[in-house]
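Take a look at the structure below.
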Amino acid sequence: THSNMTSSNNNHHLQLSAVDEVEIQFLVDNNLDDLSSTPAPTSSNNTTVQNGTSWQIQTGAMTNTFSGDCLCCAQHGFSVLITVRRTSSSTGQEEQQQMIFDAGPYGPTLVQNIQKLNRNISHVSGIALSHGHFDHAGGIVDALGEISRQQRQQQEKDNDNNSDNESKKEKRIMPHAIPTYMNQDQIVKRAIQVPFSPEPMPLGPVPTPDEIVNAGGTFVDTGTKEYFIPCNDIHHRPNGKSFFYLSGEIPRVTPYETGLNYHYTYDTNEEKWKVDTLVKDERFLAVYLKHKGLIVFSSCSHAGIVNVVKHATDKFNAIIKVDDDHDNNNGGNVEESLAASMTVPVYAVVGGFHLSGRDKDPIIPDTVSDLKHVPYIVPGHCTGFRAVNAFLNAYGDDRVIPAATGKVITWKS
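Basically this note's numbering = 1-based index in the sequence shown + 12.
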């Protein structure tokens with residue numbers, strides 16, 4: 013038992029609330045591209061893309077010299093900072109929530125990129141992990157440390173801005189534990205078979221619940237079922253809304269998406285490595301952009317990116333209501349909602365599609381074809397240049413936006 017550990021709860025009373033804007037900042041990706049032109053924003057699609065040049069040095073001050081000191085680093089891995097915003101039609105107030113999805117392979121690189129991009133993550137609501145591989149989980153502990161550091165920094169700034177001592181005392185908000193959404197199956201020993209080794213080569217470990225707690229987090233075991241991540245008020249109390257949906261296990265239905273070859277999990281009972289092509293602990297994250305559809309984040313897609321999109325579509329059209337009414341805040345009936353009889357399209361899919369490697373080359377054409385109904389495709393991390401080129405050749409660079417460390421993509425309803 014962990015003092016800051018919670019089990020998955022039955023939070024299906026929550027609905028996925030629609031948002032007006034989704035901003036994605038790539039904190040870590042395999043690619044780094046500061047120079048390529050980006051699609052011009054248009055009023056028809058309300059999409060903007062910015063390149064990821066980090067013009068701020070680590071102190072957050074503007075630099076007047078462009079040099080290696082102000083550049084982010086790309087690594088084999090994935091991490092995104094997702095910011096959602098919406099405005100209440102009744103109060104006119106803006107609501108905002110931030111999540112970090114995955115944390116890349118190496119903590120110092122993630123923290124360096126956050127600082128060089130001058131990102132304030134003191135209000136991040138939590139970290140969610142897609143699956144138990146080091147290139148997605150390696151930076152979690154350092155990310156929690158950076159969030160806590162920025163919380164303390166923000167607290168000191170808030171206190172300094174209040175001249176009255178009593179006011180300062182009342183407004184002092186101590187750094188709080190950051191929920192880290194994972195499942196127990198992600199915390200196992202993994203390995204891959206490599207040509208130069210007769211035995212499977214172990215992968216780097218995933219942080220344990222104790223390590224997460226010691227770093228300032230709360231380990232939230234989401235189990236095997238879908239999970240609505242609660243949105244909290246300024247006092248870190250759930251306010252009855254959810255802007256982020258974390259999937260449960262992803263069904264494997266596409267015949268050509270067969271999983272991750274040469275992958276092993278250690279069986280502690282039999283004390284030996286066992287073939288594990290399914291990586292059942294993998295999850296995707298989704299948000300709902302009002303009047304547009306779901307934006308689905310699939311960091312590595314070992315389940316198959318087509319399976320991911322199918323599961324997201326099936327889930328939201330058959331089981332889960334999506335609240336499209338901004339002012340349904342009191343638990344009453346939803347006057348305007350997308351339910352079983354209506355269609356919830358996937359508007360964009362973002363992440364690593366795991367289409368790189370000789371064993372994946374043959375399935376690229378089918379994958380590209382089966383995603384033709386998705387308006388925006390943002391391939392990154394493990395997708396591979398052949399698959400990225402295939403998407404671009406099929407759909408053009410107004411629909412296909414290759415991911416890159418530091419890049420920002422914003423969609424508005």
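Even glycine gets a Cβ: it sits at the ideal position worked out from N, Cα and C.
Which same chain residues end up closer than 6 Å to residue i when comparing Cβ atoms and leaving out the 5 residues on each side of it in sequence?
i: P187; result: S160, Q163, R164
i: P214; result: A203
i: V362; result: F309, V390
i: K237; result: G260
i: A402; result: I376, V380
i: E35; result: T95, T422
i: G396; result: L367, S368
i: N341; result: In this predicted model, N341 has a pLDDT of only 43, less than 50, meaning its place in the structure is not dependable enough to derive any value.
i: Y278; result: K201, W285
i: A399; result: L367, I376
i: L93; result: Q37, L39, I112
i: T121; result: C85, Q87
i: V420; result: Q37, Q62
i: A406; result: V380
Taking residue i as the reference, give the member of the options with the closest Cα.
i: R264; options: T59, G150, H323; result: H323
i: V6; options: V92, K201, R398, Q37; result: There is no way to answer for residue 6, as the model of the chain reaches only from 13 to 425.
i: T234; options: Y300, T95, D197; result: D197
i: K304; options: F256, V400, K424, T266; result: K424
i: G138; options: N125, L156, N329, H314; result: L156
i: T270; options: Y388, D326, P212, N319; result: N319
i: A30; options: T77, T99, N63, F38; result: T99
i: F240; options: Y300, T121, L404, F208; result: Y300
i: V40; options: I152, H314, R295; result: I152
i: G119; options: G216, D382, Y274; result: G216
i: R295; options: T121, G364, N405; result: G364
i: P210; options: P242, A298, Y274; result: Y274
i: L498; options: V321, N130, R97, E107; result: Nothing can be reported for residue 498: it is not among the residues displayed for the chain, which extend from 13 to 425.
i: F256; options: A406, T121, C394, A298; result: A298
i: H314; options: T266, F208, R97, P219; result: T266
i: I199; options: G408, D293, E283, T325; result: D293
i: C243; options: S79, V420, C394, R97; result: R97
How should residue i be labelled, buried or exposed, when 16 other C-beta atoms within 10 angstroms of its C-beta is the threshold for buried?
i: P377; result: exposed
i: Q87; result: buried
i: T103; result: exposed
i: L47; result: exposed
i: T289; result: exposed
i: D81; result: exposed
i: G150; result: buried
i: D382; result: buried
i: T77; result: exposed
i: S254; result: buried
i: P219; result: buried
i: T280; result: exposed
i: G408; result: exposed
i: I190; result: buried
Rounded to a whole number of angstroms, what is the C-alpha to C-alpha distance between residue i and residue j?
i: Q110; j: H135; result: 7 Å
i: I317; j: K169; result: 44 Å
i: V123; j: D45; result: 19 Å
i: G252; j: P357; result: 25 Å
i: W285; j: Q205; result: 11 Å
i: Q27; j: E33; result: 18 Å
i: K384; j: H145; result: 29 Å
i: D172; j: L404; result: 51 Å
i: V61; j: S49; result: 9 Å
i: L306; j: P212; result: 38 Å
i: Q108; j: D373; result: 40 Å
i: F328; j: K302; result: 14 Å
i: T59; j: F208; result: 46 Å
i: E283; j: N125; result: 39 Å
i: L258; j: S79; result: 39 Å
i: V321; j: G229; result: 30 Å
i: T325; j: I262; result: 12 Å
So, for residue i: in the same chain, excluding its five sequence neighbours on each side, which residues have a beta-carbon less than 7 Å away from its beta-carbon?
i: V287; result: Y276
i: Y268; result: I375, D378
i: P387; result: Y359, A360, R411
i: A227; result: V153, L156, G157
Short of 8 Å in beta carbon distance, which residues of its chain neighbour residue i, apart from the five on each side in sequence? Order them along the chain.
i: H148; result: G89, F90, S91, D114, A115, G116, P117, L141, S142, S311, C312
i: N43; result: A86, G392, P414, A415, A416, T417
i: N132; result: Q162, Q166
i: S371; result: As written in the sequence, residue 371 is Asp, which differs from the Ser given in the question. N273, listed in sequence order.
i: Q105; result: T99
Are any of the Cβ atoms in chain D nearer than 9 Å to that of residue i?
i: Y276; result: This model lacks chain D altogether, as it is built from one protein chain only.
Just to confirm, does residue i get its C-beta within under 8 Å of one of the non-hydrogen atoms of the ligand COA?
i: I376; result: This structure lacks the ligand COA; in fact it carries no ligand of any kind.
_Going residue by residue through the stretch 77-133, where are the continuous alpha helix (DSSP H) segments of at least 4 residues, counting only ones entirely within it?_
For the stretch 77-133, whole alpha helix (DSSP H) runs of length 4 or above, ordered along the chain, are 119-128.
*In chain order, which beta strand (DSSP E) runs of at least 3 residues are fully inside the stretch 240-324?*
250-258, 275-279, 284-287, 297-301, 305-310
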